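Reviewing the structure listed below.
Number of protein chains: 2
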Amino acid sequence: MRLSNSYFFTKREDSKEEETVSGNLLVRSGMIKKAGSGIYYFLPLGLKVIRNIEQIVREEMNNIGSEELVMPSLLPEDVYVNSGRRDVFGNDMFSLKDRNERSYVLGPTHEEMFLEVAKEVIKSYKDMPISLYQIANKYRDEPRPRFGLIRVREFIMKDAYTFDKDLEGLDKSYQLMFDAYKKIFDRIGVNYRIVRASTGAMGGLLSEEFQAVTEIGEDTLVLCDKCKYSSNIEISEVKLNKKAEEEELKTKELIHTPNVGTIDDLVSNYHFDTDKMVKTLIVNVKGKLYACMIKSNRELNILKLSKLLDCTENDIELATEEEVEKATHAKVGFAGPIGLDIPIIIDQEVTLMKNFLTGANKTDYHYVNVNLEDFKYSLEGDIRNIAEDDICPVCGAKLEFKRGIEVGNTFKLGDKYSKSLGLSYSDADNNLVPVQMGSYGIGIARVLAAVVEQNHDESGMILPLSIAPYKVAIVLISNNDQDQVKVANEIYQQFKDEFIEVLLDDRDERPGVKFKDMDLIGIPIRITVGKKVADGKVELKYRDGSRAEDINIADIKDIIRGIKGL
Amino acid sequence: MRLSNSYFFTKREDSKEEETVSGNLLVRSGMIKKAGSGIYYFLPLGLKVIRNIEQIVREEMNNIGSEELVMPSLLPEDVYVNSGRRDVFGNDMFSLKDRNERSYVLGPTHEEMFLEVAKEVIKSYKDMPISLYQIANKYRDEPRPRFGLIRVREFIMKDAYTFDKDLEGLDKSYQLMFDAYKKIFDRIGVNYRIVRASTGAMGGLLSEEFQAVTEIGEDTLVLCDKCKYSSNIEISEVKLNKKAEEEELKTKELIHTPNVGTIDDLVSNYHFDTDKMVKTLIVNVKGKLYACMIKSNRELNILKLSKLLDCTENDIELATEEEVEKATHAKVGFAGPIGLDIPIIIDQEVTLMKNFLTGANKTDYHYVNVNLEDFKYSLEGDIRNIAEDDICPVCGAKLEFKRGIEVGNTFKLGDKYSKSLGLSYSDADNNLVPVQMGSYGIGIARVLAAVVEQNHDESGMILPLSIAPYKVAIVLISNNDQDQVKVANEIYQQFKDEFIEVLLDDRDERPGVKFKDMDLIGIPIRITVGKKVADGKVELKYRDGSRAEDINIADIKDIIRGIKGL
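Taken in sequence, the protein lines are chains A and B. Taking the numbering used here, the leading residue of the first sequence gets 459, the next gets one more, and so forth. Taking the numbering used here, the leading residue of the second sequence gets 459, the next gets one more, and so forth.
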């Protein structure tokens, strides 16, 4: 591409709307443009990167015999009502009515539809395995769209589905897909970890996530270097590595604690020790209130709580201010177990504590030196997030926590959908048996965001060769120097002849502007054609800083060989 | 692709839901599947064809320097409110609210968004021309989705937009795009005509349509073989080729005509001559009623009427039964000009008639021998569709009428959108000047439907090589004959090595089933590997019937050369 007659722009100023490095750099480099909350255009430069990612995905899918199709986005709502997932998705699903008042939704994920497609060909056990995928838009009405391309409402997703006659087949199909995913993310150049996760709204037997490691990740990855345990924090089990505290039980005492509303206030105003405080959180589970007691510096884990209460995560909400005040007869911030007449669920860790502080169910009052003997609780269990001072639940070693962006996931669905939606086959004995399904996703644009989060410096993006929109940028220093123009064009043509995507910056701009732009948009290899052409030389610079030197023009062929060898 | 382990199915039975040949064949061949009214899946085989069409479009777009991007489908409604097009699209636009009650629509066409994108780079006259395109889903809430892929509610469209500094530039950009469109449809192998059309909801200076000629087309094309005049019937001007009738004026007479409601009844019950009858149609234009008089065997042209009344097509509706009865004091079917107290608009052709029949504004009565002297009219003009007995409005020769499916369109928008939405540039004298825009569309999936309508026989589709999902089908007669298996695999590999898409039907099915399936899905070239391999021969058959013979296996290379030479 010759920049002089192309659609191209960059912005020097940071975007005021983007809170992440990737969002900002992608907007500044003219790759994407915001169209609304969580909705983006892909401009020519950005679309090229997206297409490169899609191509890698497509190749690896085709390599394992998965076949591509495309589902509509606009779908009759009945599809999800019949599968029971209309309620599961709730407000996350965009819904609309057509001119005849019939209800439709914008597809958030397509299990139901793929199952219908599979029905067309699956009659007997001989008709499997089948593997199908699509690369298409998905829609979710995120409560808080944010982080550029990371949490959006219209997004490009590759979703794949496998259909097998038994669990053994499913294991095989799952493994094929799993290995393909590793290849995909390796080829793209993402730094990722694979963690176990909750099967969540998808249901099923197993869920694993491909998490791109970055500080802005919304997921917390719990990793053990020793035994390679890796898990999303949401399902990571807490194994206590301490015994009950050995302290003499004191008698509880009501103390006046005005002007505090939070744990932090208690610490800063009264110098209480967070290790000796227990917070009592009131939750509403399908209309019934429960009190959950966890140590003050821990986080309640709704998923674990839902399992303990045998309900779904969606069934659990934090109680409203009104509900809390009604239950505790006090303002929010003073809930405690003593005198509370709703069921109390206590985190296992709290059972080891002695002489701790709790709210007193009385505005501006707390109890100190509370002990288990002072109240009754209904349930005890692991209801908090694992923390960095916990040990590996498998081997007991020290854990490492990282933040991650989920860029891919793989689900062993089993027969959950095939049973409820009637996808069965005749086995060798002519019995009707439900099909075993797997479901697999990759967030195409989210991968781009993750790569940029992981690969940038103060000058801009540093894109991997595999997905860069152009592998090489030729910067022509002077449009008026005929030798330079000639050499630049010749080099440009050399790359073109080898089908290597190359950009020739022949704009009527100062060299500094050109260098800045090429750095910003992250082109991996820059070849500067300037005065040194007189000596048969051009300047070669790798965007990642690994190489910067003058080379003979004749050696361009080595660069080409290097790129093609990848 | 080896059919034995692929997603593949065909249906022997005609689809009950599809009223067109193309819809039926595409469903029967497992290329598409209906997901809802006007909503379809593209299954693997069908998606391959779609991708081939897209690829041809993409190549020709890139050849003329148009750059690809992608717009979101989910768009803030404001975008269309601000451009004034929210009302123009009306119920044709899908609209929805997000969880925060903000209004969104599903984009039916993207002029506004492309204009925003162009704003990023257009500052001065030096920044043009610019040409951009996308291939993406569009959404329209069609009142009557029908005809398989022809009139759907979610559809794949290539839309392109050009931006120029003046009309001369627009002419050039338009011509480039126009020529590219011809190449595209030629390469795909569509039989098409280019006709002038109404600028309609798009507005602008010029509209031309690429119409695929087929009997089920919803558009009527008016063509003159002599002067090459070609026009959509909606804008084709009527030039009268007759003089006023030379008849003595008779006196009008009220006649009793019970039990008739239509022109046809009058003809069959009373043997009136349609050439001597005038129908009076009552229309409602923004709340005001008008009577339109046209010859009984003509069709009212709402577009022409709207121009005469200086309003939009959407402003004009046929009056309701109630309105007609109120205006005529008679049941529907007896409207006429005499004694009517709403404005009368008369078609130019009627002014040449003498002694004609009209309704009498009295139930069960008509007047015969009515003449212009018998009533007053407000306006006279061309308000009917041109008919096959009319002459070419340009050269006066005989016309030919054809039916067409609009597969592409090109609009010279001029400065309509750039003015209303503020896309201007600084000219050489630093004056702000509005940009000249062009807008260009191709209905990707509709092209497929049109090709199938044009290319099929009783056995199924006959796809052109350019878009066929597989160029060659190798039918292996016996899986148990090792020689046959070996030869079939060798030939298969020969095509694979040349990157020619090839299908090997190695299913455990009878030859008849395989032949039927390959014919149904329209693969252009069939190579049957059967007993003749013993003599070094296979059977070659072209789906279009142009060739059927035994060839030496060694001559497969000629077939390959032939395909690659295209």
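We treat Cβ as the ideally placed atom computed from N, Cα and C, and that holds for glycine. All values reported here derive from a predicted model rather than from experimental measurement.
- Contact check for valine 865(B) against valine 905(B) passes: the beta carbons are separated by less than 7 Å.
- CA-CA distance, isoleucine 593(A) to proline 603(A), rounds to 22 Å.
- Taking a cut-off of 8 Å on C-beta distances, the segment 979-989 of chain B touches the segment 998-1017 of chain B, as three or more cross pairs fall below it.
- When Cβ pairs closer than 8 Å are counted between the two stretches, the segment 658-675 of chain A is seen not to touch the segment 921-931 of chain A, the count staying below three.
- Taking a 10 Å sphere around the C-beta of valine 575(B), we find 16 or more other C-beta atoms and assign the residue as buried.
- Approximately 7 Å separates the beta-carbon atoms of valine 736(B) and methionine 811(B); this is inside 8 Å, confirming the contact.
- Here DSSP, grouped into helix, strand and coil, assigns methionine 976(B) to helix.
- Around the beta carbon of lysine 623(A), 16 or more other beta carbons sit within 10 angstroms, so the residue counts as buried.
- Residue contact check for aspartate 585(A) against chain B: no CB pair falls below 7 Å.
- Of the candidates Asp731(A), Val563(A), Asp556(A), the residue whose Cα lies closest to the Cα of asparagine 549(A) is Val563(A).
- When secondary structure is reduced to three states using DSSP, asparagine 690(A) falls in the strand class.
- The C-beta of alanine 493(A) comes closer than 7 Å to at least one C-beta of chain B.
- Taking 7 Å as the CB threshold, proline 982(B) stays off the interface with chain A.
- In this structure, the alpha-carbon of tyrosine 639(B) lies about 16 Å from that of isoleucine 925(B).
- For methionine 615(A), the enclosing beta strand (DSSP E) starts and ends at 612-622.
- Secondary structure of glutamate 916(B) (DSSP, three-state): coil.
- Residue-level contact check: asparagine 947(A) does not touch chain B, since none of the beta carbons of chain B fall below 7 Å from its beta carbon.
- Annotation: the continuous alpha helix (DSSP H) that includes arginine 1019(A) extends over 1014-1022.
- Where glutamate 666(A) is concerned, the enclosing beta strand (DSSP E) starts and stops at 664-671.
- Each of Met459(B), Asn742(B), Thr620(B) was checked against the Cα of leucine 871(B), and the nearest Cα belongs to Thr620(B).
- Under the Cβ criterion of 7 Å, leucine 527(A) is counted among the residues facing chain B.
- Of Met459(B), Glu959(B), Ala946(B), the smallest CA-CA separation from glutamate 997(B) is found for Ala946(B).
- Tyrosine 465(B) has no beta-bridge partner at all, per DSSP.
- Boundaries for serine 836(A): no alpha helix (DSSP H) harbours it, and the DSSP string shows neither H nor E there.
- Assigned with DSSP and collapsed to three states, methionine 519(A) falls in helix.
- Per the DSSP secondary-structure output, aspartate 1008(A) pairs in a beta bridge with Glu997(A).
- According to the DSSP assignment, asparagine 947(A) belongs to the alpha helix (DSSP H) that extends over 940-955.
- Going by beta carbons, isoleucine 844(B) and serine 688(B) fall outside the 7 Å limit.
- Between the segment 502-517 of chain B and the segment 518-530 of chain A, the count of Cβ pairs shorter than 8 Å is three or higher; the stretches touch.
- Using a Cβ-Cβ cut-off of 8 Å, phenylalanine 814(B) is close to nothing in chain A; its nearest Cβ partner there is about 40 Å away.
- Within the same chain, Cβ atoms closer than 6 Å to the Cβ of alanine 702(A) are found at Leu810, the five residues on either side in sequence being excluded.
- Around the beta carbon of aspartate 977(A), a 10 Å sphere encloses 16 or more other beta carbons of the protein chains shown; the residue is thus reported as buried.
- Looking at the DSSP output, asparagine 595(A) sits in a beta bridge with Ile614(A).
- Legend: CB atoms of the segment 465-489 of chain B lying less than 8 Å from CB atoms of chain A belong to residues Tyr465, Phe466, Phe467, Gly488.
- Tyrosine 883(A) and lysine 581(A) do touch by the CB rule: their CB atoms are close to 6 Å apart, below 8 Å.
- Residue burial is scored here from C-beta neighbours: cysteine 750(B) has at least 16 other C-beta atoms within 10 angstroms and is therefore classed as buried.
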